[in-house]
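Reviewing the structure listed below.
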Amino acid sequence: MSSSCAVLQQVRHGLIRSALPKVSSSVSPLMGPPEIYKISNPPSPPLPPPSSSGNPLFDFFYHVVPGTKPKTVVRRLELAWNYDSLIALKLICNSRGVRGTGKSDKTSFYAAALWLHKHHPKTLACNVRTFAEFGSFKDLPEILHQIITKKGKEEEEPMPRPKSQFKLKLESRKEPMIERWRIPADIRIQANMDRDQIVKKRARIQRKEARIKKAVRAIETYNGDANYRFLHDRISEVFAECLVSDLQNLNSGNIRKISFASKWCPSLDLSYDQSTLLCESIARRIFPRELFPEYEKIDEAHYRFRIRDRLRKEVLVPLRSALKLPELYMSSNNWRMLPYDQVPSVAMKRYRKTFMKYDKGRFKSYRKSIKQGEKKIAVGTLLPHQILAASRYDQNVAEIQWRRMVEDLLKISKLKDSLAIWGGPASGRAKNVSMALSLLVSEMSQGPWKGKLMTFWRVPTLEKIEGDDLSWKESFVIEDCHMDIAIDFQRVFDVILQVAVDGKLKEDEMIKRLYVFTKMEFKYASHKVITYRLGDDGEVLEQVNGDWETDYREIQKKFRERGFSNVPEIVFWNLEHPVTTVVKGGYTGVTLVSGFSCKLLKLFVEGDIDDINPVALMESAISGKEYDKLVVVD
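According to the UniProt record's numbering, the residues represented by the sequence shown are 1 to 634, in order.
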């Protein structure tokens with residue numbers, strides 16, 4: 001019987017699973033590679049606390065968006081945790097959540113995870129399985145890697161930077177160059193080759209020393225830091241349990257139930273494994289001595305080598321092959337077998353150019369079949385602005401992905417009664433997001449609002465978006481839709497009322513929400529709205545700077561006069577990190593939102609919140625069965 005069959009036989013009888021204790025003391029401690037046995041700055045002053053809206057939880061939710069500095073994330077997290085630790089933990093996961101569960105912000109999540117390890121290590125360790133569900137299994141070794149790397153940077157003394165030879169005076173280099181050309185070419189060539197060999201040998205030695213240094217640091221941290229050891233063991237258990245379960249599914253033919261644990265489990269002797277020794281720890285749990293007699297009498301070094309090699313051959317390789325990961329086909333240059341219809345959406349976006357370079361014929365044929373509807377393409381975790389950005393390089397694939405996304409959202413959508421105002425900035429990520437969401441809302445609207453958007457302008461107009469594809473529609477919005485630094489919302493609602501009156505719309509046909517996609521603060525965009533009182537000949541008789549509450553009462557009055565009892569709610573979506581927090585109590589008829597994620601969009605699309613307000617929005621964003629799994633331990 002082969003060794004692979006032996007593992008599967010153990011799996012069938014449940015022997016391996018029984019060997020996965022919850023942080024068991026019976027598991028041998030980490031040993032590391034045999035080579036390792038042969039051989040501070042003052043703290044920064046605390047920053048002042050950030051401005052607050054009165055609710056630190058809402059401050060964290062509203063202000064921690066992609067691009068927020070880690071120090072700011074930590075300061076806001078400290079305040080939020082002291083206010084309500086469980087909700088703060090949910091907000092941490094919301095910052096990482098992909099697949100519609102959060103903001104897809106890895107940087108903020110890692111900053112929060114490092115803070116948890118320092119101040120609440122048991123809570124971090126006991127929730128790692130749930131963290132992987134919000135983000136990816138890759139997050140788990142990354143957290144360990146960042147802890148180890150940060151510890152190494154704190155211990156190492158800064159190296160003096162050598163002076164560049166190019167800063168030497170020209171005169172000092174002339175003489176050596178003259179002498180150099182007096183040496184025959186063949187001698188110089190041989191000298192260069194000898195020098196290259198010396199450099200390569202030195203580089204090999206340095207790489208080996210660096211690898212040993214990483215292993216020593218990993219062992220010392222594991223043995224000397226109880227909190228790190230607890231986290232390391234818990235992550236090892238999560239990977240081991242998932243890999244054993246995946247082997248069971250592979251053996252029974254349930255390929256679709258196989259997780260991505262094998263994909264993101266560190267590969268032997270690569271970066272994550274070198275810095276954390278995680279492969280050894282996982283292998284010790286899958287192949288413990290007490291369940292495998294062949295390991296009982298061999299020494300530790302040989303045991304470590306055998307189980308690590310067995311982890312690779314009998315666990316990772318077959319599971320990764322079953323997942324049909326595109327990276328496997330690419331690394332083996334086996335392009336003809338690459339199943340494009342099973343490539344995840346993010347991988348398709350990342351490797352599109354590579355597919356065209358090395359497998360142009362098959363990839364073009366696949367794209368053609370997608371266009372004709374013969375095959376489907378994954379949308380997965382792609383967000384609207386990512387599809388829009390991809391349309392500039394691969395129009396056909398992006399169009400299919402966009403249509404699939406719209407179809408999926410229409411099944412649960414209540415955006416048919418919505419209208420968008422595009423107030424995108426001149427460039428950057430916020431522009432792409434605001435453009436994509438504006439186009440999405442316009443396509444999902446119905447009646448006289450379908451395919452239209454309002455301009456962010458002192459004299460706003462309702463524009464019909466022209467174009468047959470995403471690129472043309474984007475170009476039309478950029479070139480033909482005016483944009484300014486402020487908008488007169490009174491005039492916006494005047495235009496909406498005029499359309500409703502001209503179309504003889506009933507109360508239930510009036511739009512319910514007005515989305516404003518921008519990177520501005522609401523108070524800067526609308527707080528000082530310039531209104532005019534005109535004479536009979538059109539001459540300006542009076543100019544008044546009014547605040548929002550005054551304007552809103554005037555808007556309500558106009559709607560009642562036209563027979564509409566309700567004013568459309570304004571959803572003011574700030575797509576970049578705000579400069580200040582929201583005012584206590586907010587603005588009447590306005591919901592303030594910041595950042596971007598599919599989860600936030602779905603909250604409005606699905607209409608889950610009857611009385612939408614900023615705090616209720618936060619509470620709904622962190623609701624769901626995945627958030628109920630989180631626990632605070634310390």
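Idealized CB from N, CA, C, for every residue including glycine.
Residue i classed as buried or exposed, judged by whether at least 16 other C-beta atoms fall within 10 angstroms
i           : result
W181        : exposed
A191        : exposed
N132        : The amino acid at residue 132 is misidentified as Asn; the sequence shows Ala. With 16 or more Cβ atoms within 10 Å of its Cβ, A132 is classed as buried.
R350        : exposed
residue 667 : Past the boundaries of the shown model lies residue 667; the chain is included only from 1 to 634, so the question cannot be answered.
D246        : buried
E142        : buried
T276        : buried
S108        : buried
R76         : buried
L514        : buried
P293        : exposed
M193        : exposed
G54         : exposed
L270        : exposed
V492        : buried
S331        : exposed
S365        : exposed
Same chain only: Cβ atoms within 6 Å of residue i, ignoring 5 sequence neighbours per side
i    : result
L462 : K452, M454, V495
I183 : none
Residues near residue i in its chain [Cβ-Cβ closer than 7 Å; skip 5 each side]
i    : result
S236 : L278, S281, I282, R285
A125 : F230, L231, R234
S267 : D273
V73  : V64, S108, A111, A112
P326 : L338, V343, A347, Y351
Residue i, DSSP secondary structure in three states
i    : result
V631 : coil
I258 : coil
M454 : strand
F517 : strand
I205 : helix
T130 : helix
A486 : coil
V459 : coil
E569 : strand
G135 : coil
I465 : coil
V397 : helix
S332 : coil
G423 : strand
L592 : strand
S321 : helix
N574 : strand
S434 : helix
S391 : coil
S267 : coil
S108 : helix
S252 : helix
S95  : helix
Expected contact under 8 Å - CB spacing of residue i and residue j to nearest Å
i    : j    : result
L575 : S434 : 6 Å
W449 : I487 : At roughly 18 Å, the Cβ-Cβ gap does not stay under 8 Å, so W449 and I487 are not in contact.
Q274 : A215 : 7 Å
V593 : L630 : At roughly 23 Å, the Cβ-Cβ gap does not stay under 8 Å, so V593 and L630 are not in contact.
V238 : V128 : 6 Å
L243 : A261 : 5 Å
R289 : Y303 : 7 Å
H120 : D468 : With 8 Å as the limit, H120 and D468 do not qualify as a contact, their Cβ atoms being about 54 Å apart.
Other residues of its chain near residue i: CB distance less than 8 Å, five sequence neighbours each side excluded
i    : result
I588 : Rather than Ile, the amino acid found at residue 588 in this sequence is Thr. Excluding sequence neighbours, T588 sits near W548, E549, Y552.
A80  : P56, L57, D59, F60, I87, A88, L91
L388 : A398, W402, N432, M435, A436, L439, L470, E474
F363 : Y340, F355, M356
I258 : D246, N249, L250, L319, A322, L323
P48  : Note that P48 has pLDDT 38, beneath the 50 cutoff, so the model's placement of it is unreliable and no number is given.
Residue-chain proximity (residue i, chain D), Cβ-Cβ < 9 Å
i    : result
V571 : This model lacks chain D altogether; it includes just one protein chain.
Worksheet item: For the segment 435–443 against the segment 406–425, are there 3 or more C-beta pairs whose distance is under 8 Å?
Response: Result yes; three or more Cβ-Cβ pairs closer than 8 Å.
Worksheet item: Just checking, does the segment 216–232 make contact with the segment 198–208 on the three C-beta pairs under 8 Å criterion?
Response: No contact exists between the segment 216–232 and the segment 198–208.
Worksheet item: Three or more beta-carbon pairs under 8 Å between the segment 289–300 and the segment 224–232, yes or no?
Response: These segments do not touch.
Practice prompt. Would you check if there are 3 or more beta carbon pairs closer than 8 Å linking the segment 500–512 to the segment 560–567?
Written response: In short, these stretches touch, since the Cβ pair count reaches three.
Worksheet item: Can you find at least 3 beta carbon pairs, one from the segment 390–400 and one from the segment 441–450, that sit closer than 8 Å?
Response: Under the 8 Å Cβ criterion, the segment 390–400 does not count as touching the segment 441–450, having fewer than three qualifying pairs.
Discussion item. Taking 8 Å as the cut-off, does the segment 125–143 touch the segment 84–98 (at least 3 CB pairs, one atom from each stretch)?
Written reply: Contact holds: three or more Cβ-Cβ distances are below 8 Å.
Worksheet entry | contact_flag[the segment 303–317, the segment 335–352] where n(CB pairs < 8 Å) is 3 or more | Output reads no: the segment 335–352 does not touch the segment 303–317.
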